[in-house]
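A.B. asks: To start, I am sharing the structure in question, which I have written as structure tokens.
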Amino acid sequence: MDRLIAVVVLTAVIHLINTLIYAVRPAGVITKRLATAYSLFNVIFLIAQTANMLQAPLLSSIIEHAIVRGQEAAGAGANLLQNTVYQQELGVLDIQIRTVILGATLGTLIGGIFIPTFVTVFTRGIDLFDQVKSVPKMIGLVLFSPRKAAKMARATFNIPSSQYFRRAMCEKLTIPRKFLVLNIIVTGVYTTSVLSSLYAGALFPEFRATATLLSGIINGIATILFATVVDPTAAGITDQALREERPEQDVQQMSFYLAVTRLLGTLLAQLFFVPAAYVIKYVAEVIAKGGF
């Protein structure tokens, strides 16, 4: 249980930080320093990378322990998948992985709530970077100058009111709807790809490494959609705002709806999870039996 809690928390952190990236474009447009905004965000993104390195082996170990317990219960030479104990283990794994996906939803929700706050944080961070011209100096100034850190905290860290979200939802949509819908699908696929691959490995334990590595194919499909539709559209809207062909409000609206659709995508991942696992299992069986 402690291992599962650690995986859920790490997953929430990863998705929280990946949601906060939507604050970068508005901050870049406000300051007219989009490249600097992305550079500074990469410092925060290192936390997500570290969390991901810790999460992956912990999650994999949960699957491995379930398989080992099933093998011990079934005994040597028995059909593992037909064993009652192992079927129970698969049922528990289903719940555990859905709990991990729920952690992704929670992290995305928290990140979305704090996007307006982090727009201000990045804006102030960019201004501070312009003064010191160095990320280590900037971090040191904030960490070792309590007065400046307290001043920044009072000015930036506040939770938006419910009125802010109601107003954002009621505003007329000025950005393309198609790329928002695709963002839901892409997020759903990204959220469940590795998880479905791991579960497929439990459904096909003899070749679970093959099943697990097939997650790259699913992610590849999502990457193509993201790279050809979602990201270019978001970049185009941002560039138009930088050239003052669009109001800054359009970029803020885009960030809000990208966070909303990302949240919906993590919920869609709950539906994708098991069907994707069986598709991966089928492909792994074809590869294992020499179909390719």
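In the numbering used here, the protein residues as written are -6 to 285.
A virtual CB, placed ideally from N, CA and C, is assigned to each residue, including glycine.
What you are looking at is a predicted structure, and each value in this text was computed from that prediction instead of being measured.
Could you say if the stretch 84 to 103 and the stretch 44 to 60 meet the contact criterion of at least three C-beta pairs nearer than 8 Å?
C.D. replies: yes
A.B. asks: If I measure Cβ to Cβ from L173 and keep anything under 6 Å in the same chain, skipping five residues before and after, which residues do I get?
C.D. replies: Y250, T254
A.B. asks: Roughly how many angstroms separate the alpha carbons of G105 and A252, rounded to a whole number?
C.D. replies: 5 Å
A.B. asks: Can you tell me the Cα-Cα spacing of Q233 and Q245, whole angstroms?
C.D. replies: Distance between the alpha carbons of Q233 and Q245: 13 Å.
A.B. asks: Does the Cβ of E82 have 16 or more other Cβ atoms within 10 Å, making it buried, or fewer, making it exposed?
C.D. replies: So E82 ends up on the buried side.
A.B. asks: Compute the Euclidean distance between the alpha carbons of A262 and A5, then round it to the nearest angstrom.
C.D. replies: C-alpha separation (whole angstroms): 14 Å.
A.B. asks: Below 8 Å, can you find three or more Cβ-Cβ pairs linking the stretch 197 to 216 to the stretch 106 to 115?
C.D. replies: Contact between the stretch 197 to 216 and the stretch 106 to 115 is absent, because fewer than three Cβ pairs lie under 8 Å.
A.B. asks: Where does the unbroken alpha helix (DSSP H) through Y250 begin, and where does it stop?
C.D. replies: 241 to 281
A.B. asks: Could you give the distance in angstroms between the alpha-carbon of M162 and the alpha-carbon of Y79?
C.D. replies: Their Cα atoms are separated by approximately 47 Å.
A.B. asks: Taking the alpha carbon of A277 as the point to measure from, which residue in D224, L191, T29, A227 has its own alpha carbon closest?
C.D. replies: When the alpha-carbon of A277 is set against those of D224, L191, T29, A227, the nearest one is in L191.
A.B. asks: By the three-class DSSP mapping on this structure, what secondary structure does E199 have?
C.D. replies: helix
A.B. asks: For T24 and L235, I'd like the C-alpha separation in whole angstroms.
C.D. replies: 10 Å
A.B. asks: Report yes if the C-beta distance between F265 and T180 is below 8 Å; otherwise report no.
C.D. replies: No, the Cβ-Cβ distance between F265 and T180 is not below 8 Å.
A.B. asks: Comparing the CB of Y15 with every heavy atom of the ligand FMN, is any distance shorter than 7 Å?
C.D. replies: Among the components of this structure there are no ligands whatsoever, and the ligand FMN is therefore not found.
A.B. asks: If I follow the unbroken alpha helix (DSSP H) through S127, where does it start and stop?
C.D. replies: Unbroken run through S127: none, as it is neither H nor E.
A.B. asks: At 4 residues or longer, what runs of the alpha helix (DSSP H) sit wholly inside the stretch 45 to 111?
C.D. replies: 77 to 106
A.B. asks: Can you give me the C-alpha to C-alpha distance between A228 and V17, rounded to a whole angstrom?
C.D. replies: 12 Å
A.B. asks: Below 6 Å CB to CB, which residues in the same chain sit around G258 once its five sequence neighbours on both sides are set aside?
C.D. replies: Taken in chain order, the residues that qualify are I177, T180, G181.
A.B. asks: Would you call the CB atoms of A270 and A202 closer than 8 Å?
C.D. replies: no
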